[in-house]
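Engineer: Using the working numbering, you'd call the opening residue of the sequence shown number -6 and step up by one each time.
All C-beta atoms in this analysis are idealised placements derived from N, C-alpha and C, irrespective of residue type, glycine included.
These figures come from a predicted structure and were not determined experimentally.
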Amino acid sequence: MTNMNSSAAGRRERILRAAVRQGLVEPDRAVLAAFVDLDGVAASVAALHAAFPDTVSVLHTFAAKANCLVPVLEELRTLGMGCEVASAGELAQALAAGFAPEQIVFDSPAKTRSELTQALELGVAVNADNFQELTRIDEILALRPSASRIGVRLNPQVGGGEIAEMSTATATSKFGIALEDDGSRQRLLEAYRARPWLTWVHAHVGSQGCPLELIAEGIAQAVAFADEVNLMLGRRQVTGIDIGGGLPVNFLDDETTPGFDEYVKCLQAHVPALFSGEYRVVTEFGRSLLAKNGFTAACVEYTKTSGGRPIAITHAGAQVAARTVFMPSSWPLRITAHGPDGSLKTGEPVPQDIAGPCCFAGDLLAQARPLPMLASGDIVSLLDTGAYYSSTPFHYNSLPDPAVHGVRIDPQGNIEFLPLRPAETIRHVLARTGG
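1. Taking only runs that begin and end inside the stretch 71 to 156, name each unbroken beta strand (DSSP E) of 3 or more residues, in chain order.
2. Provide the residue(s) that pair with V343 in DSSP beta bridges, ordered along the chain.
3. Are the beta-carbon atoms belonging to L9 and I372 less than 8 Å from one another?
4. Between the Cα of E67 and those of T250, L413, G428, R420, spot the shortest distance and give me the residue it belongs to.
5. Less than 8 Å separating the beta-carbons of L127 and P149?
6. Which whole-angstrom value is the C-beta distance of A103 and E83, which I expect to be below 8 Å?
7. For T339, is the classification buried or exposed, using 16 other Cβ atoms within 10 angstroms of its Cβ as the cut-off for buried?
8. Does the stretch 269 to 286 come into contact with the stretch 320 to 331, if we say contact requires no fewer than three beta-carbon pairs (one atom in each stretch) closer than 8 Å?
9. If you draw a straight line from the C-alpha of A164 to the C-alpha of I156, how long is it?
10. Which residues in the same chain as V397 place their Cβ atom closer than 7 Å to its Cβ, once the five residues preceding and following it in sequence are excluded?
11. With a threshold of 16 other CB atoms inside 10 Å of the CB of I143, please say whether the residue is buried or exposed.
12. Which value, in whole angstroms, describes the spacing of the CA atoms of A424 and A36?
13. With C-beta atoms as the reference, is G399 less than 8 Å away from P64?
14. Could you check the C-alpha separation between R420 and V24 for me, to the nearest Å?
15. For a test of the three-state rule: what should DSSP assign to V257, helix, strand or coil?
16. Would you kindly check if the distance between the Cβ of A368 and the Cβ of D346 is under 8 Å?
17. Please classify T317: does DSSP put it in a helix, a strand, or coil?
18. Excluding the 5 residues preceding and the 5 following H53 in the sequence, name in chain order all residues of the same chain whose CB lies nearer than 6 Å to its CB.
19. What are the uninterrupted segments assigned as beta strand (DSSP E) that are 3 or more residues long and contained completely in the stretch 32 to 66, given in chain order?
20. Is N(-2) buried or exposed, if buried means 16 or more other CB atoms sit within 10 Å of its CB?
21. Measure the C-alpha to C-alpha separation of R186 and A89 and round it to an integer number of angstroms.
22. Expressed to the nearest angstrom, what Euclidean distance is found between the alpha-carbon atoms of G279 and M320?
23. According to DSSP, is I236 helix, strand or coil?
24. Buried or exposed for F168, going by 16 or more other Cβ atoms inside 10 Å?
25. What did DSSP end up calling P265 once you bin it into helix, strand or coil?
26. So, is K297 buried or exposed, given that buried needs 16 or more other C-beta atoms within 10 angstroms?
27. Using 10 angstroms around the beta-carbon of S139, count the other beta-carbons present and answer buried if the total reaches 16, otherwise exposed.
28. Where do the N-terminal and C-terminal ends of the alpha helix (DSSP H) with A215 fall, by residue?
29. Classify Y381 as helix, strand or coil using the three-state DSSP reduction.
30. Let me check understanding here. Comparing Cα to Cα, which of L392, A209, A291, I408 lies closest to G370?
31. Within the continuous alpha helix (DSSP H) that includes L282, where are the two ends?
32. By the DSSP assignment, the alpha helix (DSSP H) with E183 in it spans what residues?
33. With a 10 Å radius around its C-beta and 16 neighbouring C-beta atoms as the bar for buried, classify L17 as buried or exposed.
34. In this structure, how does DSSP classify Y272 when only helix, strand and coil are distinguished?
Structure follows, in structure tokens:
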């Protein structure tokens, strides 16, 4: 979490033990809860800001999809972040969190006419995904002017990383305008020539599983295209580059690697023009800011043995860890075992399945995972779950969304919990299912 070394484990244990003492994790009434270390979030944001040199004007935005809880977004705003949104719902959440329109970037690949109209009326930055969207923006701007920064998302088609589903710059990606398709570059250059209000270029290569060099290659293509536009027009029409986010997260241990400083060094080596001061820059990091600054705690309801293998039935499964359950090889999670009081369990590791509550056989967080033998009443912690996971629930079996708590520890060691999202009740579940 905050300091990615052995002290991180001790910090998590202290938080969990305090949560148990305060009844935030307990059998029957609070069998599942998520925690976001706000001190760690502040440290991650500070590291991001420090990594970029003063030679370039940068607006760092947080990708709301990574944790769309309004109090989390509000916290990030107070730390000097902007907000990247990809739906009308996320735009509403960003506005509710207090972000000014000029601090927000709208990036959905399927923006409706009314969504575009709202964004342009507010002055929210817009990255158009395709030529049809550009035509739609033409029609809206013909009726009213806008203060929005408007750009186009390019697909630099530089290839994919280890996880195909997280790679957005492949030859056939659904995102952006394919730069290398026949006739596409020339058509795009003409689009900029015809629209003086097109002043930004956007590219996002992917996230988890994408190496830094691949990300840098895609950004280099975006900068080269911006240079090409300005050379063609004989003036600086393109003034900004939105380089997206995508810094991979290390889910193997407590080390934060790669860091933002390593990312910037890679960009400086591959795209030096980005740091010349000629272009303003926007970033859109999400998972890399939040993932390691959170964990999810779940009570063990039952234990059993099947086929000779121990199984722990917990209250965390696909409803809060969909990617891990459905793509375990791409999204493995570290899990720690704790006693009922939250203290770390000791003892010889025993291979055991960690199962969730959902009613299908594949609802497993881990298979044959060596952990101290779990018992009914124990607690498991799912590490590195500050992004996505509990903030993006999957409503399988109509399971209620768990509470999400913010955490701060003062210099005297006092632990403070702040409500980020209350636990759903069965009444809430009925309300959202038409009951």
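Structural biologist: The answer reads as follows:
1. 75 to 78, 97 to 99, 118 to 121, 143 to 148
2. By one-based count along the sequence shown, residue 343 stands at place 350. V343 pairs with L364.
3. As a working note, residue 9 is residue 16 in the sequence shown. As a working note, residue 372 is residue 379 in the sequence shown. For L9 and I372, yes; Cβs fall inside 8 Å.
4. For the purposes of this step, residue 67 is taken as the residue at position 74 of the sequence shown. The candidate whose alpha carbon is nearest that of E67 is L413.
5. Translated into the one-based positions of the sequence shown, residue 127 becomes position 134. Translated into the one-based positions of the sequence shown, residue 149 becomes position 156. Cβ atoms of L127 and P149: not closer than 8 Å.
6. In the sequence shown, residue 103 corresponds to position 110, counting from 1. In the sequence shown, residue 83 corresponds to position 90, counting from 1. Contact doesn't hold; Cβ gap of about 13 Å is too wide.
7. Counting from 1 along the sequence shown, the entry for residue 339 is found at position 346. Classification for T339: exposed.
8. no
9. Start at 1 with the first residue of the sequence shown, and residue 164 comes out as number 171. Start at 1 with the first residue of the sequence shown, and residue 156 comes out as number 163. Distance between the alpha carbons of A164 and I156 is about 15 Å.
10. Your numbering for residue 397 matches position 404 in the sequence shown. Within the same chain, V397 has close Cβ partners A27, V29, L62, S383, S384, L413, R414.
11. In the sequence shown, residue 143 corresponds to position 150, counting from 1. Its Cβ being crowded by 16 or more others within 10 Å, I143 is buried.
12. Translated into the one-based positions of the sequence shown, residue 424 becomes position 431. Translated into the one-based positions of the sequence shown, residue 36 becomes position 43. About 38 Å.
13. Along the sequence shown, one-based indexing puts residue 399 at 406. Along the sequence shown, one-based indexing puts residue 64 at 71. Yes, Cβ-Cβ distance for G399 and P64 is below 8 Å.
14. Here residue 420 refers to the residue found at position 427 when the sequence shown is read from its first residue. Here residue 24 refers to the residue found at position 31 when the sequence shown is read from its first residue. Approximately 17 Å, taken between the alpha carbons.
15. Against the sequence shown, residue 257 aligns to sequence position 264. Looking at V257 - three-state DSSP - the assignment turns out to be helix.
16. Translated into positions along the sequence shown, residue 346 becomes position 353. Translated into positions along the sequence shown, residue 368 becomes position 375. No; because the gap between Cβ atoms is not below 8 Å, this pair is not in contact.
17. Residue mapping note: residue 317 aligns to position 324 of the sequence shown, counting from 1. Note: T317 maps to helix in three-state DSSP.
18. As a position in the sequence shown, residue 53 is number 60, starting the count at 1. If we look at H53 and ignore the five residues flanking it on each side, its Cβ neighbours are L41, M74, T276.
19. 51 to 56
20. Working through the sequence shown from its first residue, we reach residue -2 at position 5. For N(-2), the predicted model reports a pLDDT of 44, less than 50, meaning its position is unreliable; a value from the coordinates is still stated below. Exposed, since its Cβ has fewer than 16 Cβ neighbours within 10 Å.
21. On the sequence shown, position 193 is the one that residue 186 refers to. On the sequence shown, position 96 is the one that residue 89 refers to. Roughly 37 Å between the two C-alpha positions.
22. Position 286 of the sequence shown, counted from the first residue, corresponds to residue 279. Position 327 of the sequence shown, counted from the first residue, corresponds to residue 320. So the alpha carbons of these two residues sit roughly 20 Å apart.
23. As a first step, residue 236 is located in the sequence shown; it is residue number 243 there, counting from the start. Reduced to three states, the DSSP call for I236 is coil.
24. Here residue 168 corresponds to residue number 175 of the sequence shown, with the count starting at 1. Classification for F168: buried.
25. Residue mapping note: residue 265 aligns to position 272 of the sequence shown, counting from 1. Helix.
26. Residue mapping note: residue 297 aligns to position 304 of the sequence shown, counting from 1. So K297 ends up on the exposed side.
27. What you label residue 139 is simply residue 146 of the sequence shown in a count that begins at 1. S139 is buried by the Cβ-count criterion.
28. The count along the sequence shown starts at 1 and reaches residue 215 at position 222. Start and end: 205 to 226.
29. For this step, residue 381 is matched to residue 388 along the sequence shown. Coil.
30. Position 377 of the sequence shown, counted from the start, is the residue given in the question as residue 370. Out of L392, A209, A291, I408, A291 has the C-alpha closest to the C-alpha of G370.
31. Stepping through the sequence shown from its first residue, residue 282 is reached at position 289. Note, L282: alpha helix (DSSP H), 280 to 283.
32. Taking the first residue of the sequence shown as position 1, residue 183 is located at position 190. Segment 177 to 187, the alpha helix (DSSP H) holding E183.
33. Residue mapping note: residue 17 aligns to position 24 of the sequence shown, counting from 1. Looking at its Cβ environment, which holds 16 or more other Cβ atoms inside 10 Å, L17 is buried.
34. As a working mapping, residue 272 is identified with position 279 in the sequence shown. Looking at Y272 - three-state DSSP - the assignment turns out to be coil, as it is neither helix nor strand.
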